[in-house]
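Let me begin by presenting the structure, written as structure tokens, before commenting on it.
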Amino acid sequence: MLSAQVGVYDPFCDDARLAVQKIHFDPNTGRLVVGGRAGHALVYDLEDEPK
1 MLSAQVGVYD PFCDDARLAV QKIHFDPNTG RLVVGGRAGH ALVYDLEDEP K
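Residue numbers (full-length UniProt numbering): 1 to 51.
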């Protein structure tokens, strides 16, 4: 079994570039947009799955 460490996780990181500034969810399209302080934008498309 191979394992590799990817990145470093610090639960006490206070780097301002990682801060979330805005969150917007559109219930009509299921799109979630998260804007970060350093200009990052994450866009998630949430879809319903049949059970």
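Just so you know, even glycine gets a beta-carbon here, dropped at the ideal spot from N, CA and C.
Since residue i sits in a beta bridge, which residues does DSSP pair it with?
| i | result |
| --- | --- |
| Leu-46 | Partner(s): none; Leu-46 has no beta bridge. |
Mind checking which residues open and close the beta strand (DSSP E) that includes residue i?
| i | result |
| --- | --- |
| Leu-18 | No beta strand (DSSP E) contains Leu-18, which DSSP labels as neither H nor E. |
| residue 59 | With the chain represented from 1 up to 51, any question about residue 59 goes unanswered, as that position is not in the structure. |
Is residue i helix, strand or coil by DSSP?
| i | result |
| --- | --- |
| Asp-10 | coil |
Do residue i and residue j have their C-beta atoms within less than 9 Å of each other?
| i | j | result |
| --- | --- | --- |
| Gly-30 | Val-20 | no |
| His-24 | Leu-18 | no |
CA-CA distance, residue i and residue j?
| i | j | result |
| --- | --- | --- |
| residue 53 | Asp-14 | Only positions 1 to 51 of the chain appear in this structure, which leaves residue 53 out of reach. |
| Ala-41 | Pro-27 | 19 Å |
| Val-34 | Asp-48 | 20 Å |
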